[in-house]
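Asker:
Numbering (my numbering), first residue to last: 3 to 156.
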């Protein structure tokens, strides 16, 4: 077990299987020293635990937890390409999309779920640049979607 996976286990979590693509794309691709993930939904055992808009059907705290699930799914996608999460030299960028009720403006707080989890698992290597974007709707009516870009050490 890698050190990163040990930290995941210490948090009471488990690195999931890679979420199968919903359309024609790969969950993650490598280009040079970087791995880019596709947007990861908060799938748990092949299903969304909740659907709807944040600020309406889904509360901000629940959405923050869902963003952490998205980040965990993104790490699984990275591992599927590089084989070992300890090869991550740095999380460079996190982009998060929040399906938002018209008056919801707490997207950065929701995305803190992903950012905080990456920091807990990877320490300083998990510190990253980030964008948090409110959108009208996401695939499958998911409340949150997260993609990451990581630099890999060889």
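Don't be surprised by glycine CBs; every beta carbon is placed ideally from N, CA and C.
Return the bridge partner residues of residue 33 from the DSSP annotation.
Answerer: DSSP output for residue 33 lists 36 as bridge partner(s).
Asker: So what does residue 98 bridge to, in DSSP terms?
Answerer: In the DSSP output, where bridge partners are listed per residue, residue 98 has 134, 148.
Asker: What would DSSP say about residue 153, mapped onto helix, strand or coil?
Answerer: Residue 153: strand per DSSP, three-state reduction.
Asker: Quick check: the segment 41-56 against the segment 66-79, are there 3 or more CB pairs under 8 Å?
Answerer: With a cut-off of 8 Å, the segment 66-79 and the segment 41-56 count as touching, because enough Cβ pairs lie within range.
Asker: In chain order, what residues of the same chain lie with their CB nearer than 6 Å to the CB of residue 2, ignoring the 5 residues before and after it?
Answerer: This structure does not reach residue 2, given that the chain is present from 3 up to 156, and the question cannot be answered.
Asker: Do the segment 32-40 and the segment 82-92 meet, that is, are 3 or more Cβ pairs less than 8 Å apart?
Answerer: With the cut-off at 8 Å, the segment 32-40 and the segment 82-92 touch.
Asker: In angstroms, rounded to a whole number, what distance separates the CA positions of residue 4 and residue 17?
Answerer: Distance between the alpha carbons of residue 4 and residue 17: 11 Å.
Asker: Residue 79: which of 60, 113, 151 sits nearest, CA to CA?
Answerer: Answer by Cα proximity: 151.
Asker: Reducing DSSP to helix, strand and coil, say where residue 56 ends up.
Answerer: Of the three classes helix, strand and coil, the one that applies to residue 56 here is strand, per DSSP.
Asker: Let me confirm a value: residue 117 is counted as buried when at least 16 other C-beta atoms fall within 10 Å, else exposed. Which label applies?
Answerer: Residue 117 comes out buried.
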